[in-house]
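Position 97, counted from 1, in the sequence shown is what the numbering used here calls 87; the numbers after and before it change by one each time, with no gaps.
Think of the CB as a built atom: it goes at the ideal place given N, C-alpha and C, for glycine as much as any other residue.
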Amino acid sequence: MAIEKWDEEGKFWEDDHGLLDEGQIAKLERADASEPLRSPIPTRMISNGEYMPVPQTDDQKRVEARIVELAETASRKLGIGRRQFLASTGGTAAALIAMNEVFGRFFDVDPIEMFEPAAYAQAGAPRDLFVFDDQLHLVRGTNLQSGHSLRAAAQGPTAGERYAPSADRGVDEGGEAWRPWNPDLVGLPMSPSNFQLVQFIKDVYLDSQVTI
């Protein structure tokens, strides 16, 4: 388990740390070995080292099979190998088309984009598109305990003395032991609802600059 990979003296994780036990790891194989198709868009889940992946669904299998069919046809017409095609913009278009066929039309993609990079570029996102990739977390509604310690660290002393850091933790780069990370959190109540779905939707989709 992961705790066995923690070096308490050096305070670091060993390179091969993970949360799966040996029995779970024995049931898995490397993603590059289990999915030889090398689809530009994955057609099955893989483990991130924390959880066992969900088996490939029937719909995912149909998407994968359709990608193979489209890639075989398109690569022959273009006179290139299937792997080369899948690594191109045409391969991405083929994967999106396959998902539209299986799950219903969602992606705005035209078959010509499999063969003409210019058509793909014209229909795609602008070259100067800014993408901010971030990872967010929330806590399930039945869990009333998780989240408080990290929120307290970000909020500072107004979180309450019960969350005060231990004296041996030291100080930050400003010489303070418990300085708020986010001044906007100062004084707010420490409620379990702060970390659950309703608040998550409010913070991300209503009160932030996120647009859909």
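Local conformation of residue i per DSSP, three classes
i: Ser183; result: helix
i: Ser139; result: helix
i: Arg169; result: coil
i: Met203; result: The shown model of the chain, from -9 to 202, leaves out residue 203, and the question about it has no answer.
i: Asp11; result: coil
i: Ile191; result: helix
i: Leu126; result: coil
i: Asp174; result: helix
Straight-line Cα distance separating residue j from residue i
i: Glu62; j: Leu175; result: 55 Å
i: Lys192; j: Gly71; result: 48 Å
i: Asp22; j: Arg28; result: 8 Å
i: Asp237; j: Ala115; result: Look at the range of the chain in this structure, -9 to 202, and you will see that residue 237 is not part of it.
i: Ile(-7); j: Val188; result: Any reading at Ile(-7) is ruled out, since the residue's pLDDT is 46, under 50, leaving its predicted position unreliable.
i: Pro170; j: Glu12; result: 40 Å
i: Leu86; j: Gln199; result: 28 Å
i: Tyr41; j: Gln145; result: 30 Å
i: Pro30; j: Val194; result: 29 Å
i: Thr148; j: Leu196; result: 25 Å
Chain-order list of residues whose beta-carbon lies under 8 Å from that of residue i (same chain, five-residue window excluded)
i: Ser37; result: Leu10, Leu18, Pro43
i: Asp98; result: Ala113
i: Pro155; result: Ala143, Ala167, Trp168
i: Lys67; result: Phe105
i: Gln50; result: Thr33, Arg34
i: Gln135; result: Pro182
Pair within 7 Å by beta-carbon distance, residue i and residue j
i: Leu128; j: Phe190; result: yes
i: Thr79; j: Pro45; result: no
7 Å CB neighbourhood of residue i in its chain, flanking five on each side removed
i: Glu91; result: Arg56
i: Pro84; result: What sits at residue 84 in the sequence shown is Ala, not Pro. Counting only Cβ-Cβ distances below 7 Å, and skipping sequence neighbours, we find Ile57, Leu60, Ala61, Ala64, Met104.
Extent of the continuous alpha helix (DSSP H) run through residue i
i: Ala49; result: According to the sequence displayed, residue 49 carries Asp and not Ala. First-last of the alpha helix (DSSP H) with Asp49: 48 to 68.
i: Ala149; result: Taken as a continuous stretch (DSSP letters only), Ala149 belongs to no alpha helix (DSSP H), as it is neither H nor E.
i: Asn90; result: 79 to 93
i: Asp22; result: 21 to 24
Neighbourhood of residue i by C-beta distance below 6 Å, restricted to the same chain and skipping five residues each side
i: Val161; result: Ala167
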